[in-house]
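Chemist: Final position of the sequence shown in the working numbering is 142; the numbers increase by one with none missing.
C-beta atoms are modelled at their ideal positions from N, C-alpha and C, and glycine is treated no differently.
The model shown is predicted, which means the values in this text are computed figures rather than measured ones.
Below is a structure I'd like to ask you about.
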Amino acid sequence: MKLHLQQPLSYTHILENPKQCDQAFDMLLGKLEESPVGSDGCMVCSATMTDELCILSCHTVAFREPEEKEPGLIAIPMGTYLFSQLSFPPQTGSALIPLLNRFVLSVDCQQEDELQLFVRVYKERESDFAVQLITATQTTRE
Numbered sequence: 001m002k003l004h005l006q007q008p009l010s011y012t013h014i015l016e017n018p019k020q021c022d023q024a025f026d027m028l029l030g031k032l033e034e035s036p037v038g039s040d041g042c043m044v045c046s047a048t049m050t051d052e053l054c055i056l057s058c059h060t061v062a063f064r065e066p067e068e069k070e071p072g073l074i075a076i077p078m079g080t081y082l083f084s085q086l087s088f089p090p091q092t093g094s095a096l097i098p099l100l101n102r103f104v105l106s107v108d109c110q111q112e113d114e115l116q117l118f119v120r121v122y123k124e125r126e127s128d129f130a131v132q133l134i135t136a137t138q139t140t141r142e
């Protein structure tokens with residue numbers, strides 16, 4: 001599915017980043033669990049395709065709470081994205097990894113050595129999260 005962002009999604013707080021996507025996801029879920037409903041988190045990741053493997057790395061983990069108005073430290077820029085919302089959000093980082101691999105393999109990234117992607121986690125209700133996988137097809141930097 002395509003997603004057209006008309007404005008950037010910005011994040012105001014950066015968390016310590018463990019570099020491993022599964023650990024970063026667990027940390028982000030833990031932070032959002034204690035945050036109010038409407039909080040939004042993001043992992044900025046990359047996927048490198050080799051002949052045999054898809055190597056995932058996490059570069060930044062950030063979040064924002066619903067009422068925050070200050071400028072963001074990082075953002076998902078305006079643009080057009082390939083987008084997948086997971087029907088059954090994973091409860092752990094280790095359950096996220098196969099879903100990330102499947103998403104990366106579904107993207108035509110043969111021209112690129114490294115694919116940037118975002119894992120967005122939105123707290124819809126207490127202990128209920130929407131998990132979205134996003135990668136750019138066309139973006140605009142501000």
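Using DSSP with H/G/I as helix, E/B as strand and the rest coil, what is Met1?
Modeler: Met1: coil per DSSP, three-state reduction.
Chemist: Can you grab the Cα-Cα spacing for the pair Gly79 / Thr137, in whole Å?
Modeler: Distance between the alpha carbons of Gly79 and Thr137: 8 angstroms.
Chemist: By Cβ distance, which residues of its chain are closer than 6 angstroms to Thr48, with the 5 residues on each side in sequence left out?
Modeler: Ile55, Glu114, listed in sequence order.
Chemist: Between which two residues does the beta strand (DSSP E) containing Gly41 stretch?
Modeler: Where Gly41 is concerned, the enclosing beta strand (DSSP E) stretches over 40-49.
Chemist: Quick check on Lys123: does DSSP put it in helix, strand or coil?
Modeler: Correct three-state label for Lys123: strand.
Chemist: Phe25 lies in the beta strand (DSSP E); which residues open and close that run?
Modeler: Per DSSP, Phe25 belongs to no beta strand (DSSP E); it is in the alpha helix (DSSP H), 21-33.
Chemist: So does the segment 24-35 actually touch the segment 71-78, counting three or more Cβ pairs closer than 8 angstroms?
Modeler: No, the segment 24-35 is not in contact with the segment 71-78.
Chemist: Could you check if Val44 is buried or exposed, using at least 16 other CB atoms within 10 Å of its CB as the buried criterion?
Modeler: It counts as buried.
Chemist: In terms of residue numbering, what span does the beta strand (DSSP E) encompassing Val61 cover?
Modeler: Segment 54-64, the beta strand (DSSP E) holding Val61.
Chemist: Do Val131 and Pro90 count as a contact pair if the criterion is CB distance below 8 angstroms?
Modeler: Cβ distance < 8 angstroms, so Pro90 and Val131 count as in contact.
Chemist: Please say whether Lys31 and Phe63 have beta carbons closer to each other than 8 angstroms?
Modeler: Yes.
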